[in-house]
Every structure is written in C-alpha cells, then in structure tokens.
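First up is the structure itself, then whatever we jot down about it.
Residue numbers (my numbering): 1 to 273.
Listed below in structure tokens is the structure:
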C-alpha cells in the first residue's frame, strides 16, 4: 500500500510514466522474492533481438520525411483526389495523416509535420477547434494500425517472448490491422461529412490537378509498395525493410530532391534517436 502511494505521488509530481511503471514492476518482483538481476538479464536479452533495430530506422525515416516537403505534397495529392467530396477538407486531413503515419510508422511525427499545415486550414474552413484538433490527432494515431507500425512491432516482440502455444508473427499483426484500420477510416470519413461546415473549399486555394499532384509525390508513393511488398513477399525481414526505408528516404529527400541540407542531418539523427 505504501509503495502504491509513493508511486502515485511521484507520478503526480511529474515523474516520467515509464519510470513509474518500471518502479512498480521492480517492486512487484521484489515482493515475490524474484531476484532483480532477472529483470536486467531479460532486458539485455530483448535488446539483442534483431527486430528492434527496425524502430530507430523507421523513426529516422519518419523524421526525414517530416523535415522535407513530403507532407505538403501528400496534402496536395489528397486535395486533388478527395477535395471534390462533401467535407473534403476533413477527409483530406484524415487520409493524409493516416497515409503519412503508415509511411513513418509513428504518429508523433505525423502530428508535428502535418498539424501545422492542416489545423489552420480546418479552422479557416469553419470546423470547430475541438473537431480540428481531434481529427488531426486521431487520424495520425489511426495510421498506427498499418505497417510499419512501431507499436505493432513492439507488441509482437513482447508477445513472442511469452512462449504462447500459437506463435505471434509481426507480419500477421500488420495484416490484422488492415481491416479495423480501413473500417475506422470509413467511419471517421462519414462522421466528417456529417459534421462539415457550409464552406467546403480550402481557403484561398484552388484544387490542384491530380496529374500534377501525382508527379510531385512520385518519389514518396512507391515507398509503402516497396516496404510492404518486400515484407509480405518474403524478400525483407522487418529490420531489413526498415533499413531499405531509411536508405530510400535518405536518397530521395537528401540526394535527389535536395530538400534537406547535409548539415541538418546531425540534428535530425539526434532528434530521431
């Protein structure tokens, strides 16, 4: 009881949540007379798993995309393809955030990269503040159901260590996320159409042509095909797919499009790690 109160107190004082959870787990181990060295050995064993290499690589690729002009190009593409629909701007935000999170594997990068583009446009179009904030954050999180999702990778790694009768495959988790992810996109799109304000066009902008938007995003669009095709065809393991993603994004955004100066790479790597 005293331990629980202490943990609650340090949480209220602003301690990081992972510290509180780790302290609670260590307290539980100690209460059941389990040597805490077991915890250290298990952490070391998990850290040696090759699949965990995928997490920093996908994160690095996501930060590169966020620093480049990819968010703007994806917004333009979604606007060109979906801007004609009732409530089109909200659906543009929904589709772009979900797609960008699927590219990067992390919702935080999506919210930072796209929030500054989409939130002002949603507000100017007449959507309420709560609706606009909720749409950007929820649709960014929605993309975590699609590969290469970092939470799904972590969940798969932990589940594989439990010795379950039915082995857990990370590839199967990616496949399992498709149907609920698509269903939630459809439901959120229907809700966005229902909540649309009278003004539907993006303020001050005409809808770009689909051909021009496709050409502008031509380098980013093959990325999910390459990554997911490689994983599900058996050519790539998860860690190899992460390496391919990082190299592809680096070559495109830094060397081909030259939207990220080389001098900024140190800062991007530091933030991504």
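Using N, Cα and C, we set each Cβ at its ideal position, and we do this for glycine too.
Per DSSP, residue 26 is one residue of the alpha helix (DSSP H) stretching across 17-31. Of the other Cβ atoms in all chains shown, fewer than 16 fall within 10 Å of the Cβ of residue 270; this residue is therefore exposed. For residue 235, the secondary structure class from DSSP, reduced to helix, strand or coil, is coil. Annotation for residue 260: no alpha helix (DSSP H) segment contains it, and DSSP assigns it neither H nor E. Cβ-Cβ distances below 7 Å link residue 259 to 68, 69 and 253 in the same chain, with the five nearest sequence neighbours on each side left out; the list follows chain order.
In the three-state DSSP reduction, residue 167 falls in the coil class, being neither helix nor strand. DSSP, reduced to helix, strand and coil, places residue 156 within a helical segment of the structure shown.
Residue 3 holds the alpha-carbon nearest to the alpha-carbon of residue 25 among 46, 3, 13 and 45. By the Cβ neighbour-count rule, residue 8 is exposed, with fewer than 16 other Cβ atoms within 10 Å of its own.
Pairing residue 242 with residue 1, the inter-Cα distance amounts to about 44 Å. DSSP, reduced to helix, strand and coil, places residue 230 within a helical segment of the structure shown. By the Cβ neighbour-count rule, residue 238 is buried, with 16 or more other Cβ atoms within 10 Å of its own. By the 16-neighbour rule on beta-carbons within 10 angstroms, residue 96 is buried. By the CB criterion at 8 Å, residue 93 and residue 122 fall inside the cutoff. Restricting attention to 244, 261, 263 and 255, the CA atom closest to the CA of residue 56 is found in 244. For residue 137, the secondary structure class from DSSP, reduced to helix, strand or coil, is helix. Per the coordinates, the alpha-carbon of residue 197 lies some 53 Å from the alpha-carbon of residue 27. Contact check for residue 71 and residue 29: beta-carbon distance about 44 Å, past the 8 Å limit, so the pair fails to qualify.
At the C-beta level, residue 131 and residue 152 stay beyond 8 Å of one another.
Secondary structure of residue 66 (DSSP, three-state): helix.
Around the CB of residue 183, fewer than 16 other CB atoms lie within 10 Å, so the residue is classed as exposed.
Taken through DSSP and simplified to helix, strand or coil, residue 189 comes out as helix.
The Cβ atoms of residue 192 and residue 66 lie no closer than 8 Å to each other.
Residue range 37-47 is occupied by the alpha helix (DSSP H) that includes residue 39.
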